[in-house]
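2 protein chains.
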Amino acid sequence: MPATAPPYEDLLAHQRETALLASTASLLGWDQETMMPPGGLEHRSNQLSQLAGLVHGRATDARVGEWLTACEADTELMHDPTQPAAVNVREWRRDYDRATKLPAELVVEFSQTTSKAKAEWDTAKTHNDFPRFAPWLDKIVELSRQKAACYGWDPASGEPWDALAEGYETGMTAAAVTEVFTPLRERLVDLVGRLGEAPRQPSNRFNELKLPVADQEKLVRAVSAAVGFDYQRGRLDVSSHPFCSDTHCHDVRLTTRFAEDNFNDALGSTMHETGHGLYEQGLPPEFIGTPRGESVGLSIHESQSRLWENQVGRSRAFWSWCFPKLNETFGDAVSGLTEEEVYAACNRVRPSLIRVEADEATYNLHIMIRFELERALLKNELDVGDLPTAWNQKYREYLGIDVPDDARGCLQDIHWSMGALGYFPTYTLGNLYGAQFFETATEALGGREEIQAMFARGEFAPLLDWLRTHIHEPGRTFTSADLCERITGRPLSADPLLRHLESKLPPIYGLA
Amino acid sequence: MPATAPPYEDLLAHQRETALLASTASLLGWDQETMMPPGGLEHRSNQLSQLAGLVHGRATDARVGEWLTACEADTELMHDPTQPAAVNVREWRRDYDRATKLPAELVVEFSQTTSKAKAEWDTAKTHNDFPRFAPWLDKIVELSRQKAACYGWDPASGEPWDALAEGYETGMTAAAVTEVFTPLRERLVDLVGRLGEAPRQPSNRFNELKLPVADQEKLVRAVSAAVGFDYQRGRLDVSSHPFCSDTHCHDVRLTTRFAEDNFNDALGSTMHETGHGLYEQGLPPEFIGTPRGESVGLSIHESQSRLWENQVGRSRAFWSWCFPKLNETFGDAVSGLTEEEVYAACNRVRPSLIRVEADEATYNLHIMIRFELERALLKNELDVGDLPTAWNQKYREYLGIDVPDDARGCLQDIHWSMGALGYFPTYTLGNLYGAQFFETATEALGGREEIQAMFARGEFAPLLDWLRTHIHEPGRTFTSADLCERITGRPLSADPLLRHLESKLPPIYGLA
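Top to bottom, those sequences are chains A and B. Take any residue in the first sequence, count from 1 to its spot, add 19: that is its number in the working numbering. Take any residue in the second sequence, count from 1 to its spot, add 19: that is its number in the working numbering.
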């Protein structure tokens, strides 16, 4: 590591303090979703606003810009772009420029608009009343265009969507997303169609069994610990929408949810959040509070959650290991079920209306619809008033289903009401990265049969070690695209995910 | 309310922001004791240090002094000392002067010393090794004397202890404490002696019954809700040392503890913390973040916890109401117990070694011993090296028991290792205030028979309403001593607590 000079040391100290303050806000956010009594809401919102203000003030402090300029001129410091100090300067520069590009009035107007829009969206969804939400979405799209204009995009090949998406995923552009999404969509639509017409349809019995919540909790805790989640440095609680809180690598908090008749959802949610949690716990503690010690971004984070949820948790070998535990935990309540039946039930594919309830295959079609629509809204190729019609057409076209109302249609997600345009594709990019990483890991660990045999024996440590070394430990040293090329030797492609789904699903459905 | 001018408005805004930040630290403290995984400790300590620094910086900001001076010169604002603005200015001045009186080096040295001393105390207690802790206590006493010299005390009648105690209880002096403690000690020693020799000794059977923790929790939750704790604005969790977190009146978090064979402790701890929680929930929300909306201090807080724990929760009428619930909850496990036996078991008096396990009567003798010893240490009338001998002599004299080792003797409490000299008496002052308030409330609500009949019917709202009006709603409008005189018409005295104990305990022991 090159010697660091005072400007870097000053910058480091300043940014670490800022990150420390942000980690406090993160804990308050976790508490709000899991522990806070209803009466605490107003005060909590004041606490979070105060911390956001303090963090923003520190992040946009003019001294940060000066320190960054001094560091960037230090050729020794910046010589090797993979060294921690160079990584930090690069990422801090990106954050600083982005944070200082918006005029304060636009930040305030955006925040006030989305704060009200969230409440309006909530009411509109409850009453299936799209016209109520439409003017708010219209305003959000307009303000988002203004934000995009401030951030800027590649004038040759870019578009407004790119400028917003950059905030969620460095280097993500609509053109690049389209390039992987198009073949994925075509082949997924075909696959889902074949499965729908297959002679053997998996039974849904397991997914609807009534199982005591206390026992469900016992089992999902045991499973998350068995795959490697460290409960000395984390915890698992319940919230209505499962999430993983990222305070720091020694205090990682997952949530899941339970329903008496949906253990599959509890297990899938827990495996998903455990995947996020394993990533957070694997970040290098010596770099806490700096980009070098943080996750790459949303897509890579999602790659880890989807990898553990789908590549591991919905594999045949996982169920060889887990099925006896199911019997031990639930006893008579699961008698009569076979291992094969449970495995098939967890891999049921069925076009449905709601994204968050979708299966591993159709989920990505839900994402593409949102991506195409938000892109069109930003480009002025679609009016907000026409959104429901466009939404419903695409559901018909990609998923083959009719949307009965907007509550279960274009009003179902909170994202746009929060102003998060450009966010959705990170979910599917996560699926793609996850599948591509898993293919490489499988090869590295001796091939498909070998890794499946490990899972069947409950050995998840070799996979976790591989992920630790190649993905977790480097923190934000590389961008998503660079990391993918370095690890897998290829740019991101739809092929690994399609290979995975094509090899797993048809046999379950009795197809060749 | 008088019109307020810009200096007051500026001060108010500044102080409210400071209080908001402090409430975030309070939540982090709660989380550390109840939720945080072990791995989170170091980072949490960094978060809390950061917040403490921010809060201290704001609290000692020179502008606060300037605003205060301007406000104090505003005769209209300060005309009626019971008006919110005047109360706030008075209390902020007290806080500001105290916060700015210590030189920064002393603050740092004290903080570093006590941080290490706490760890040394912990080890010394575990290994029953007083000599290990002695040099640290010596240093703490010396630094405390320096702090006292900075704060100052009444040169005519005061002493160093007063200057430290002022930080826990406005106006508390060693001389005033001695005046109420002396008769209390003499009569308590006599009472405890008579009970020890009484012909009838309450059975301990109830206190040692094995009862499922899940059922214990169900019952203590029901009881705390029944006496008035609002779970929409609070919660109850488990921690090794029960406490009540004071984030703000709409988010009040209690903790308790459970052992399979000590339901009495779980119930007593819950009632105690519920008393604290009812006070916090009763503070006026319109004054959140200002002294007018805060509790008076430690003694009055403790008066509320002790009132609900002892005056209510250990009364005969409480058990008339609660005993059927005990049977409903635990079923066969409590069969054969009588209401009378449970009531007597909860009121067992027995000299013991450990303060936190002591009963309602002997508890105060534990406190007096600590008060007398810390006072002597600060006055240089006792050397730290002689503390164990002096401690053991007093336990022999006041409680009639021999202390077998320092771990169960002068090393049992954490307080001195934290530098909290002058704190202990607030516990007994709380008992005294609680008894005196309860006597007045009893009269106001129709007398002893009437209030006991209410409790037996499970009606606790009239008592809570009385406390709300007279104690909770005024916030910090009055000092403890003033509040006591206003409400009860008399200065604090040992008589009400002694009357309460003399009327309750001897009959349980078969004495006239």
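Built from N, CA and C at the ideal position, the CB exists for glycine as well. This structure is a prediction, so every number in the text was calculated from the model and none was measured.
Between the options, which lies nearest to residue i when the distance is taken from Cα to Cα?
i: B/Ala278; options: B/His267, B/Ser371, B/Leu230, B/His260; result: B/Leu230
i: A/Arg427; options: A/Asp141, A/Glu85, A/Val108, A/Leu397; result: A/Asp141
i: B/Val310; options: B/Pro493, B/Pro56, B/Lys523; result: The displayed chain sequence assigns Pro, not Val, to residue 310 of chain B. Per the Cα distances, B/Pro493.
i: B/Glu299; options: B/Val271, B/Met290, B/Phe306, B/Asp173; result: B/Val271
i: A/Tyr414; options: A/Trp435, A/Leu396, A/Arg394, A/Asn383; result: A/Asn383
i: B/Ala480; options: B/Pro174, B/Arg367, B/Val246, B/Ala233; result: B/Val246
i: A/Asp157; options: A/Arg240, A/Asp80, A/Asp484, A/Gly404; result: A/Gly404
i: A/Lys344; options: A/Ala364, A/His260, A/Arg240; result: A/Arg240
i: B/Glu36; options: B/Gly58, B/Glu52, B/Asp80, B/Trp49; result: B/Asp80
i: A/His183; options: A/Arg164, A/Thr119, A/Glu236; result: In the sequence as presented, His is not what sits at residue 183 of chain A; that position holds Leu. Of the candidates A/Arg164, A/Thr119, A/Glu236, the one whose C-alpha sits nearest the C-alpha of A/Leu183 is A/Arg164.
i: A/Val113; options: A/Asp351, A/Ala78, A/Tyr442; result: The question names Val, yet the displayed sequence has Arg at residue 113 of chain A. Measuring from the Cα of A/Arg113, the nearest candidate turns out to be A/Ala78.
i: A/Pro370; options: A/Arg254, A/Pro57, A/Glu416, A/Leu60; result: A/Glu416
i: A/Leu238; options: A/Lys523, A/Leu87, A/Asn283; result: A/Asn283
i: B/Leu396; options: B/Val361, B/His385, B/Leu440; result: B/Leu440
i: B/Met387; options: B/Asp424, B/Arg335, B/Tyr442; result: B/Tyr442
i: B/Cys268; options: B/Leu297, B/Ser288, B/Pro515, B/Asp256; result: B/Leu297
Since residue i meets chain A, which of its residues come closer than 8 Å, beta carbon to beta carbon?
i: B/Ser42; result: His62, Gln66
i: B/Tyr298; result: Simply none; closest approach about 16 Å.
i: B/Asp181; result: Here the premise fails: no neighbours, minimum Cβ distance about 36 Å.
Taking buried to mean at least 16 other C-beta atoms within 10 Å of its own C-beta, is residue i buried or exposed?
i: A/Arg505; result: exposed
i: B/Ala244; result: exposed
i: A/His491; result: buried
i: B/His98; result: exposed
i: A/Asn399; result: exposed
i: A/Pro150; result: exposed
i: A/Ala380; result: buried
i: A/Val83; result: buried
i: A/Gly215; result: exposed
i: A/Ile319; result: buried
i: A/Asp424; result: exposed
i: B/Asp280; result: exposed
i: B/Asp378; result: buried
Just list the residues that DSSP pairs residue i with in beta bridges.
i: A/Gly253; result: A/Val271
i: A/Ser264; result: A/Arg272
Strictly below 7 Å CB to CB, what residues from chain A border residue i?
i: B/His489; result: What B/His489 touches in chain A: nothing, since even the nearest Cβ is about 24 Å away.
i: B/Leu39; result: Asn65, Gln66, Gln69
i: B/Leu228; result: In chain order: nothing, as chain A lies at least about 25 Å away.
i: B/Asp99; result: Those within 7 Å of B/Asp99 in chain A number zero; the least Cβ separation is about 29 Å.
i: B/Trp93; result: With the sequence shown as reference, residue 93 of chain B is identified as Asp, and Trp is not the correct amino acid for it. Within chain A, no residue comes near B/Asp93; the closest Cβ sits about 28 Å away, beyond 7 Å.
Quick one: list the residues of chain B neighbouring residue i, beta-carbon separation under 9 Å, in chain order.
i: A/Glu36; result: Gln69
i: A/Arg254; result: Met54, Met55, Pro56
i: A/Leu47; result: Thr43, Leu46, Leu47
Whose C-beta lies closer than 6 Å to the C-beta of residue i among residues of the same chain, with five residues either side of it excluded?
i: A/Phe152; result: Glu139, Trp140, Ala143
i: A/Thr496; result: Thr101, Val106
i: A/Leu483; result: Gly247
i: B/Gly301; result: Arg487, His491
i: B/Ser324; result: His291, Gly294, His295
What residues from chain A crowd round residue i, counting only those whose CB sits closer than 9 Å?
i: B/Gly247; result: Result: empty, since nearest Cβ-Cβ is about 15 Å, beyond 9 Å.
Can you pull the chain B neighbours of residue i, defined as C-beta to C-beta under 7 Å?
i: A/His539; result: With chain A covering 20 to 531 only, the question about residue 539 of chain A has no answer from this structure.
i: A/Pro57; result: Gln251
i: A/Gly270; result: According to the sequence as given, residue 270 of chain A is Asp; it is not Gly. Neighbours of A/Asp270 on chain B, chain order: Met55, Pro56, Gly58, Gly59, His62.
i: A/Asp29; result: Under the 7 Å cutoff, chain B gives no residues; its nearest Cβ is about 17 Å from A/Asp29.
i: A/Asp80; result: In chain order: nothing, as chain B lies at least about 15 Å away.
Within its chain, find whatever has a CB closer than 8 Å to the CB of residue i; leave out the 5 residues flanking it on each side and keep chain order.
i: B/Ala38; result: Ile307, Gly308, Thr309
i: B/Glu462; result: none
If you drop the 5 nearest sequence neighbours on each side, which residues of the same chain put their C-beta closer than 7 Å to that of residue i?
i: B/Val353; result: Leu228, Leu345, Asn346
i: A/Leu121; result: Lys166, Cys169
i: B/Phe474; result: Val331, Ser334, Ala336, Phe337, Trp340
i: B/Glu411; result: It should be pointed out that residue 411 of chain B corresponds to Asn in this sequence rather than to Glu. The residues are Val422, Gly428.
Residues of chain B with CB under 8 Å from residue i, in chain order?
i: A/Lys157; result: The question names Lys, but residue 157 of chain A in the sequence shown is Asp. By Cβ distance, chain B contributes nothing, its closest Cβ being about 35 Å from A/Asp157, past 8 Å.
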